[in-house]
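All remarks here apply to the structure that follows.
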Amino acid sequence: MAFLNYQYLFLILFITICINVVIKSTSMQPFSCSDEVQTCKSYLYHISKGLQIDQIASFYSVNASEIKPIIHGTKQDYLVSVTCTCKNINGVQGYFYDTFYKVQSGDLYSHVVQQFYSGQAWDIEGEDEPFVAGNITIMHLLCGCVEKQSQRVVTYTAQEHDTLSQIAELLSASLSETQELNGGLLTQNPSFIDVGWVLFVPMEMKGIKAPKQGKRQNLATIIGISSAAALLLMAAFLVFLLRYYKNREEDPKAFAKPSSPQNQKFNKDIEGVTTFETERPVVYSIEEINEATGNFDEIRKIGEGGYGSVYFGILGKREVAIKKMKSSRTKEFFSELKVLCKIHHINVVELLGYASGEDHLYLVYEYIHNGSLNDHLHDPLLKGHQPLSWTARAHIALDAARGIEYIHDHTKTRYVHRDIKTSNILLDQGLRAKVLIAILASIIPK
């Protein structure tokens, strides 16, 4: 009897394992080719495993400028822009992107695919057999193309705790279209996905509107925003109060500083940049700026305002934010450049350099990974952020106050920031705040 029970248990386990193998084997299928679109631009979602951007670029055979960071929960992953093409791989037709991997000693195909390519490579025979060290192997990565010009397909590997709706929100895609695009995989249960499944997500290049929230969630959002705003206002008020009493005891004449002839002529010519009283900004070429931003690919746009658009870019090995302004804004450009070159503080976003062209002018800033405080207060989960703790909010308020105090009282020519708001306070990877001074109208001499 015990032997029969053992056989019965073994049979159940064997069937379960077989079912799992079948499920895993069908959890990745190439995207079917369309007669209308043979090649296109698409994105591969790279799950971060500790690689630097230049290493990721090497594994995917792309320039570093083709890689854009994206926040997933509390960590940073990457979108890799590639050229996707309809191909026939060992009798299987679909969209693929081919890259090359140099085999290292002891490598296993399955480990390489998971570690470096997020499990998105089409299986080859003998995948668990060791590679021959030194050989160059073609990695056929799954990608996709759609006919809609407003969309790009993202190849996404499901992660722990993912839901289909969260993935769609993360990648600015329609949930219904995402389900439709993965119909074969999601036929039995459209809402169920498993870790490791490779999905195709139709990203809207211009984004989609966030769904309306219920009254209760809106109330919680309002309370959170009001609390954070109150902390910021209290910190700012304290700084102004301290400065007010301090200034009353000082000689007002001590703050007077005559404008030099060089500064008066600064706006007339680009050579006026050499008259800065502090270190000169780096001058970049238009070619460097274009390469850094992927020729200002719309997917790299991270902000837009009255004076221009802001794009994510890679200059050398450094991540930067590049502000693109029309050449008609020359006066504003030089004035902003002149002011920002005098401001250097850990709690103020730093200007790194500039570039100028026939039609546009460019300002290059350090890139702040976690975006604006505004994004962390307004529907943070929809934007890939966790709600801020009260400790984090207090640190942010203090950091912002320090940055404002520095601008007001510790620069040679002191300034007043007139546009303090949550969208002008950026958060780095450690959730420490930096004040953004990127709009001329927001700052005036004190």
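Just add 1159 to the spot in the sequence shown (first one is 1) and you have my numbering. Just so you know, even glycine gets a beta-carbon here, dropped at the ideal spot from N, CA and C.
### Message
Buried or exposed, going by whether 16 or more other CB atoms sit within 10 Å of the CB of F1218?
### Response
buried
### Query
For the beta strand (DSSP E) that V1523 lies in, which residues bound it at each end?
1519-1525
### Task
With a floor of 3 residues, list each beta strand (DSSP E) that falls wholly inside the stretch 1467-1496, ordered by position along the chain.
Considered as a whole, the stretch 1467-1496 harbours 1467-1474, 1477-1485 as its complete beta strand (DSSP E) runs of no fewer than 3 residues, in chain order.
### Message
Can you list, in chain order, the residues of its chain with a C-beta nearer than 7 Å to that of T1242? Leave out the 5 residues immediately preceding and following it.
### Response
T1198, K1200, Y1256
### the stretch 1540-1550 touching the stretch 1480-1490, judged by at least three CB pairs closer than 8 Å
no
### Query
Under a Cβ-count criterion, where at least 16 other Cβ atoms within 10 Å of its own Cβ denotes burial, should D1236 be classed as buried or exposed?
buried
### Message
Just to confirm, is the Cβ distance from L1358 to I1326 under 8 Å?
### Response
Their beta carbons are under 8 Å apart, which means L1358 touches I1326 by this criterion.
#### Entry: As assigned by DSSP and simplified to three states, the class of L1595
coil
### The beta strand (DSSP E) enclosing Q1310, as first and last residue numbers
1310-1316
### The beta strand (DSSP E) enclosing G1462, as first and last residue numbers
That run of the beta strand (DSSP E) goes 1460-1464.
#### Entry: Residues of its chain near S1324, where Cβ-Cβ distance is below 7 Å and the 5 sequence neighbours each way are ignored
L1334
### Query
Helix, strand or coil for Y1443 per DSSP?
In the structure shown, Y1443 sits in coil (DSSP, three-state: anything other than H, G, I, E or B).
### Query
At which residues does the alpha helix (DSSP H) containing H1554 begin and terminate?
1549-1568
### Task
Would you give the residue range spanned by the alpha helix (DSSP H) that I1534 belongs to?
The question names Ile, but residue 1534 is Asp in the sequence shown. That run of the alpha helix (DSSP H) goes 1532-1536.
### Query
Going by beta carbon distance, what residues of the same chain come within less than 7 Å of R1375, once the five residues before and after it are set aside?
Confidence at R1375 is low in this model, with a pLDDT of 47, below 50, so the placement of that residue should be treated as unreliable; the coordinate-derived value is given next. If you ignore the 5 residues before and after R1375, its C-beta comes within less than 7 Å of no other C-beta in its own chain.
#### Entry: Cβ-Cβ distance between E1336 and P1361 below 8 Å
yes
### Query
Per DSSP, N1247 forms a beta bridge with which residues?
The partner list for N1247 (beta bridge, DSSP) reads Q1252.
### Task
Enumerate in chain order the residues of its own chain whose CB-to-CB distance from T1316 is below 8 Å, with the five nearest sequence positions on each side excluded.
Y1204, I1206, S1277, G1278, Q1279, G1355, W1356, V1357, L1358
### Query
Where does T1198 sit, in a helix, a strand or coil, going by DSSP?
In this structure, T1198 counts as strand in the three-state DSSP scheme.
#### Entry: Whether V1507 touches V1442 by CB criterion (8 Å)
no
### Message
When you compare the stretch 1533-1542 with the stretch 1506-1521, are there three or more beta-carbon pairs, one atom per stretch, that lie closer than 8 Å?
### Response
no
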